[in-house]
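Enquirer: Handing you a structure now.
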Amino acid sequence: MNLESRYRAACDRADTAKGRLQLTAEEAKARITPARLKQDAKDKASGAVRGGIARIAAKAQQRPVAIGAAATAFGLFLFRRPLAALFGRLYVRFRNIDADISENDDG
Numbered sequence: 001m002n003l004e005s006r007y008r009a010a011c012d013r014a015d016t017a018k019g020r021l022q023l024t025a026e027e028a029k030a031r032i033t034p035a036r037l038k039q040d041a042k043d044k045a046s047g048a049v050r051g052g053i054a055r056i057a058a059k060a061q062q063r064p065v066a067i068g069a070a071a072t073a074f075g076l077f078l079f080r081r082p083l084a085a086l087f088g089r090l091y092v093r094f095r096n097i098d099a100d101i102s103e104n105d106d107g
């Protein structure tokens, strides 16, 4: 192989490497646009939510009674104030049988 052919081969390799570098730079530039980053974050979050739901569904199929009891306890915890108010009114109503006296001023 003579010097000129080696030079041409080196130029071809350099042009190929330069083209790959430009493609890689363009792909990197496209990946860091705000819209692409936002879409990637949305996709990752929705994937995590779907995975969590699938995992919870699998656990619920394994132990339905425990999941039902936990959901009931959580629901009661969330609605403790309205339930306490309801039971407080019922207690007053059952304790005071007088129908003439109402709980509020509207009658």
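Residue numbers (the UniProt record's numbering): 1 to 107. Glycine residues also receive a C-beta, built at the ideal position from the N, C-alpha and C atoms.
1. Can you give me the start and stop residues for the alpha helix (DSSP H) that R74 sits inside?
2. Using a threshold of 7 Å, state whether the C-beta atoms of A60 and I53 are closer than that.
3. Quick one: give me the first and last residue of the alpha helix (DSSP H) that T24 is part of.
4. Please report the distance separating the alpha-carbon of A45 from that of R80.
Expert: The structure says:
1. Here the sequence assigns Phe to residue 74, which means Arg is not the residue at that position. Taken as a continuous stretch (DSSP letters only), the alpha helix (DSSP H) holding F74 covers P64 to L78.
2. no
3. L3 to R31
4. 32 Å
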